[in-house]
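Numbering (my numbering), first residue to last: 1114 to 1456. All C-beta atoms, glycine included, are put in the ideal place defined by N, C-alpha and C.
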Amino acid sequence: MAGDLFRRNRPFHLLDGFYTEWSEHLTTRCIPLFRDSPPSAVTNGAVFNDLISYYDTIDHYANRDTIFYFLFPSWHVNSLETSILFLGDVHPHLFVSLIQSLRDPNRIHLRLAPWRDLAFPVNHFVDDVKNDVNKSVSHLLSKVRQAQEGYIQGFSDNWVSRFHSQRGRQSVTVMETAASVTLGEEFVRIFREANQLRKITIFNIVNLSDTNQAALFLEGVCEFLAGFRHQLAHVPAQFFPNQVAPQYPLAYQQMMQQQPEVLHDICVWNIDRNVTRDMLREMFRRYPSVWEVQIVNDPGRGQKHGFVSFADESEKWRAIQEMNGAMLLKKPMHLRSEAHRNI
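Right, dumping it as structure tokens:
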């Protein structure tokens, strides 16, 4: 039912687009299956298979060059959602918490599905699943700690070696040294193990539920995964009628309704060749007066740089102060003020 959504030949710079396509697929294909028809094993199976394929796909694209993107996707930056994420995606506890809420006899399940009279039996299988998740999460956190300790030690050793090998100390920067430390495949393995835990948890809950219970659970998972705030602009509004859009001061709202007379630019240097315009825009999404974003290729030097245009000059200067040196993929951005150019 997913067409070529889970194809394995997508270039790295299009992975942001994959997340958007996945969100659209959930909202336009998966969720309506639960709302337009009674629960069935066929519907449950189709949606379950898509969820598994989603995790298999991001596993496929995760390697030593892309792992930081998956662990810290651009659409997780500066969001309250970060606290319910774990190693690049949803915390496995969320699945357990969701089924616990659904089986709570004091809750009315009128807004999750068209069928109303479901009685979730009191049983122990959710507790068993939760215990398994707790053990696995502890194990993964231990691996993360060991990987971080190894990285820090390697960084320190490498920095000392490079520092003393340079004639001028100013030629050695922290980020240059960090970039020279190889993490290898350890974080890739940890990321894939976390996705395996997510898949197993979903499987166990669906497998141990009846058809109605599984349908409610899968619908809730789809709604949650599709409802990340960064993705709402890409999906039909009717799927999230109660979602509160970010509210900006009236001056900003009026400013964004018409072309500003003057735009104020920042030039962004030292960006990775895989950075896309959407990635760069996402980095500056905290600033509501951003009007234009553009990536410029320099084939002769094999480099890229970007421009971010602001309708509000004071916000431009605040962005330079706050975002200079911020990491985009594997590189720290270098920002400077520029006269506006037509982009």
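- Nearest neighbour of Leu-1118 by Cα position, chosen from Tyr-1168, Leu-1448, Gly-1158 and His-1204, turns out to be Tyr-1168.
- Between Met-1440 and Phe-1397, the C-beta spacing is not below 8 Å.
- A residue is called buried once 16 or more other Cβ atoms fall within 10 Å of its Cβ, and Glu-1298, having fewer, is exposed.
- The distance from the Cβ of Leu-1448 to that of Ile-1379 is about 5 Å, consistent with a contact at the 8 Å cut-off.
- In the DSSP assignment, Lys-1312 falls within the alpha helix (DSSP H) that extends over 1299 to 1320.
- Residue burial is scored here from C-beta neighbours: Thr-1195 has fewer than 16 other C-beta atoms within 10 angstroms and is therefore classed as exposed.
- Taking the Cβ atoms as the reference, Lys-1417 lies roughly 5 Å from Ile-1384, within the contact range of under 8 Å.
- Taken through DSSP and simplified to helix, strand or coil, His-1138 comes out as helix.
- In this structure, the beta-carbon distance from Ile-1303 to Leu-1253 falls below 8 Å.
- Within the same chain, His-1126, Ile-1408, Lys-1417, Gly-1419, Leu-1441 and Leu-1442 come within 8 Å of Val-1388 by CB-CB distance, once the 5 residues on both sides are set aside.
- Beta-bridge partners of Asp-1411 (DSSP): Gln-1416.
- Residues of the same chain with a CB within less than 6 Å of the CB of Lys-1256, apart from the 5 flanking positions on each side, are Ile-1303 in chain order.
- The segment 1312 to 1320 and the segment 1133 to 1144 do not touch, with fewer than three beta-carbon pairs separated by less than 8 Å.
- The alpha-carbon separation between Val-1242 and Val-1209 amounts to approximately 7 Å.
- At the C-beta level, Asn-1157 and Thr-1324 come within 8 Å of one another.
- With at least 16 other beta carbons inside 10 angstroms of its own, Asn-1308 counts as buried.
- DSSP, read as helix, strand or coil, puts Arg-1449 in strand.
- C-alpha of Trp-1272 to C-alpha of Ile-1265: approximately 10 Å in a straight line.
- Per DSSP, reduced to three states, the secondary structure at Glu-1405 is strand.
- Val-1160 and Tyr-1174 have their C-alpha atoms spaced approximately 22 Å apart.
- Sixteen is the threshold: when 16 or more other Cβ atoms of the shown chains lie within 10 Å of the Cβ of Ile-1180, as they do, the residue is buried.
- DSSP links Ile-1379 through a beta bridge to Val-1421 and Ser-1450.
- Sequence-distant partners of Ile-1212 (beyond 5 residues in either direction) whose C-beta falls short of 6 Å from its own C-beta, in its chain, are Val-1239, Ile-1318 and Phe-1330.
- Ile-1384 is bridged by DSSP to Lys-1417.
- Inter-residue distance for Ser-1166 and Asp-1411 is about 37 Å (C-alpha atoms, whole angstroms).
- Closest by C-alpha distance to Asp-1202, out of Ser-1150, Trp-1382, Leu-1393 and Arg-1305, is Arg-1305.
- Lys-1429 is not bridged by DSSP to any residue.
- For Asp-1202, the three-state secondary structure derived from DSSP is strand.
- In the DSSP assignment, the residues bridged to Leu-1441 are Lys-1444.
- Under the 10 Å beta carbon count, Trp-1135 is surrounded by 16 or more other beta carbons and is classified as buried.
- Shown here, Asn-1176 sits in coil according to DSSP, grouped into three states, outside any helix or strand.
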